[in-house]
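What follows is a set of notes on a single structure, which appears directly below.
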Amino acid sequence: MEDDIGQIQIYSDYVQEQMDDKRYRHTLGVVEVATDLAIIYGLDLYKARLSALFHDLAKEYPVDKKRELCKHYHIPMDDFLKDNIHLSHGLIAAKIVEDKFAIKDSNILKAINNHTLGAKNMSDLEKIIYISDIIEPSRKYSPQLNKLRILAYTDLDKAMKFALNRNIDYLTLKNKPIHPIIYSILKEY
Ligand SMILES: [Fe+2]
Ligand SMILES: [Fe+2]
């Protein structure tokens with residue numbers, strides 16, 4: 160896919176309008192890390208940058224708007240997603256990107272889709288967006304995060320395993336619900 164600076168500017172402006180400054184800074188951090196990882200793992204830079212740019216597009220939409228958009232786009236919702244509607248923001252973002260900007264590339268759409276819950280058989284692009292989201296520079300430092308940063312730049316699958324386990328530990332600690340799919344994803348690493 161060819162890099163198009165003018166088009167990227169249009170996309171960036173749109174994304175910036177959908178979120179506050181902090182979230183936009185996070186987004187640009189994800190773009191930065193995803194670009195680095197795409198270089199290291201030999202992936203299409205433009206696809207990595209677009210997936211990162213759009214990943215949290217719908218994150219700050221109010222709950223009602225998220226529900227409305229899930230309905231509008233006929234997004235399949237299991238009970239877990241219905242009860243935790245905020246986790247649908249990646250699914251909504253992928254639909255908006257396809258609808259509004261006619262981006263049909265399934266690699267990009269899947270990377271946006273699966274950045275929150277992960278998925279089985281993730282492509283390298285999906286993995287680098289999932290991981291970049293966690294390790295981008297504005298995330299608060301912790302020794303665990305640092306370990307994940309090092310793994311991300313050296314072994315993508317080990318980084319995925321570490322990220323998934325860290326996610327389970329975090330959600331358990333915070334007493335937050337865990338989508339059962341995470342355990343079957345973890346088995347792949
Ligand atoms: Fe997100
Ligand atoms: Fe994010």
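Just so you know, we're using the numbering used here here: the sequence shown kicks off at 160 and counts up by one.
Glycine included, each C-beta is placed from N, C-alpha and C at the ideal position.
Every value quoted in this text rests on a predicted model; they were computed, and no experiment measured them.
Exposed unless 16 or more other CB atoms sit within 10 angstroms - verdict on residue i
| i | result |
| --- | --- |
| residue 342 | exposed |
| residue 331 | exposed |
| residue 272 | buried |
| residue 223 | exposed |
| residue 286 | buried |
| residue 247 | buried |
| residue 201 | exposed |
| residue 280 | exposed |
| residue 169 | exposed |
Nearest-angstrom Cβ-Cβ length linking residue i and residue j, presumed shorter than 8 Å
| i | j | result |
| --- | --- | --- |
| residue 171 | residue 288 | Not really, about 17 Å apart at Cβ, beyond 8 Å. |
| residue 252 | residue 216 | 4 Å |
| residue 345 | residue 320 | 7 Å |
| residue 268 | residue 338 | That pair is no contact at about 20 Å. |
| residue 254 | residue 232 | 4 Å |
| residue 225 | residue 178 | Not confirmed; about 14 Å, so no contact. |
Distance between residue j and residue i (C-alpha atoms, nearest Å)
| i | j | result |
| --- | --- | --- |
| residue 208 | residue 197 | 9 Å |
| residue 187 | residue 175 | 10 Å |
| residue 270 | residue 180 | 23 Å |
| residue 274 | residue 206 | 14 Å |
| residue 214 | residue 167 | 14 Å |
| residue 227 | residue 235 | 13 Å |
| residue 292 | residue 165 | 25 Å |
| residue 318 | residue 295 | 14 Å |
| residue 265 | residue 282 | 11 Å |
| residue 204 | residue 322 | 23 Å |
| residue 230 | residue 241 | 11 Å |
| residue 189 | residue 278 | 19 Å |
| residue 256 | residue 312 | 28 Å |
**OP:** Please list the segments of the alpha helix (DSSP H) lying wholly inside the segment 222–249, counting only runs of 4 or more residues, in order along the chain.
**Re:** 222–231, 238–242
**OP:** Scan the segment 176–220 and note each continuous beta strand (DSSP E) run of 3 residues or more that stays entirely inside, going in chain order.
**Re:** none
Original post:
Where are the beta strand (DSSP E) runs, 3 residues long or more, that stay fully inside the segment 285–343, in chain order?
Top reply: none
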